[in-house]
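Have a look at the structure below, then the notes.
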Amino acid sequence: MPSQIALLRGINVSGHNKFPMARQRELMRDLGFEDVTVHLQTGNIVFADPGTPPERTARTIADRITADLGLTVPVVVRTRDELAATVEANPYPEATAEPRTLHVVFLSAAPADPAPLDALDLASYAPDEFRLVGREIYLRAPDGVGRSKLAEKVTRAPLGVAMTARNWNTVTKLLALADA
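All you need for the working numbering is the position in the sequence shown, starting with 1, plus 744.
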């Protein structure tokens with residue numbers, strides 16, 4: 745059976761929004777999902793795809809987290825094939841040699857108005873760069889995302905959609921787990 749991947753934003757970061765891995769698995773199973781695998785503690789969940797549209801799955805998971813834990817957690821869901829397409833569409837293939845320099849910001853939908861991103865003066869953030877491709881923003885930060893002023897601007901851009909970022913190692917690991 746194909747897989748879906750749930751990406752939760754802002755859990756277990758700096759002691760905030762605590763949601764242990766065991767509880768993540770339990771919540772997913774309580775929702776009726778099967779073959780649940782949680783990768784890392786920061787909200788990366790691979791599970792059997794029940795055929796539900798990813799947007800509906802995301803809302804179901806977010807609602808349940810709110811009901812059970814009292815947390816408001818944005819959730820973005822991709823199918824296995826959508827995640828594979830994200831990996832394939834990477835506009836910075838040279839950055840995969842140093843995967844810590846490459847991040848993907850997953851958006852819940854393509855932004856209706858990408859103007860906040862278009863307004864960024866990329867030359868002032870060099871060598872960092874980004875590219876919006878559909879529902880993903882690929883962010884390349886050669887000196888590391890933690891030091892990147894561009895990363896901060898991109899991930900805080902008012903695009904009117906939920907977003908959550910993952911480094912390239914996590915993205916490719918989630919695809920491998922979805923294929924397992």
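Even for Gly, the Cβ is constructed at its ideal location relative to N, Cα and C.
Quiz prompt | Sequence-distant residues of its chain with Cβ nearer than 6 Å to residue 886 (five each side left out) | solution = Closer than 6 Å at the Cβ level, and outside the excluded window around residue 886, lie 845, 871.
Exercise. Determine the DSSP secondary structure at residue 836, reduced to helix, strand or coil.
Key: Coil, per DSSP.
Quiz item: From residue 905 to residue 841, what does the alpha carbon distance come to, in whole angstroms?
Solution: 30 Å
Quiz item: Opposite residue 752 in the DSSP bridges: which residues?
Solution: 819
Quiz item: What runs of the alpha helix (DSSP H), each 4 residues or longer, lie entirely inside the segment 844–878?
Solution: 859–862
Practice problem: May I ask you to report which of helix, strand or coil DSSP gives residue 920? | Solution: Here residue 920 sits in helix by DSSP.
Quiz item: How would you label residue 801, buried or exposed, when you count the other beta carbons within 10 angstroms and need 16 or more for buried?
Solution: buried
Practice problem: Please work out which residues of its chain come closer than 7 Å, Cβ to Cβ, to residue 745, disregarding the five sequence neighbours upstream and downstream, and give them in chain order. | Solution: 792, 793
Quiz prompt | Between the CA atoms of residue 888 and residue 912 - distance to the nearest angstrom | solution = When rounded, the separation of the alpha-carbon atoms in residue 912 and residue 888 is 12 Å.
Quiz item: What residues match up with residue 910 in a beta bridge as DSSP calls it?
Solution: 848
Quiz item: Can you round the beta-carbon distance between residue 855 and residue 903 to whole angstroms, since I take them to be within the 8 Å contact cut?
Solution: About 4 Å; that satisfies the 8 Å criterion.
Quiz item: Given 8 Å as the limit, is there contact between the segment 909–923 and the segment 822–840, that is, 3 or more CB pairs closer than that?
Solution: The segment 909–923 and the segment 822–840 touch, with no fewer than 3 CB-CB distances between them shorter than 8 Å.
Quiz item: What's the C-alpha gap between residue 873 and residue 752?
Solution: Spanning the two alpha carbons is a distance of roughly 24 Å.
Practice problem: Could you check the C-alpha separation between residue 853 and residue 807 for me, to the nearest Å? | Solution: Taking the straight line joining both Cα atoms gives about 18 Å.
Exercise. Would you mind giving the Cβ-Cβ distance between residue 789 and residue 750, rounded to the nearest angstrom? I have them listed as a contact below 8 Å.
Key: The Cβ separation is near 4 Å, so the contact holds.
Self-check item: Beta-carbon gap between residue 849 and residue 755 smaller than 9 Å
Solution: Their beta carbons are not under 9 Å apart, which means residue 849 does not touch residue 755 by this criterion.
Self-check item: Nearest candidate by alpha-carbon position, reference residue 897, set 878, 875, 864
Solution: 864
Practice problem: Give me the Cα-Cα distance between residue 820 and residue 798, rounded to the nearest whole angstrom. | Solution: 8 Å
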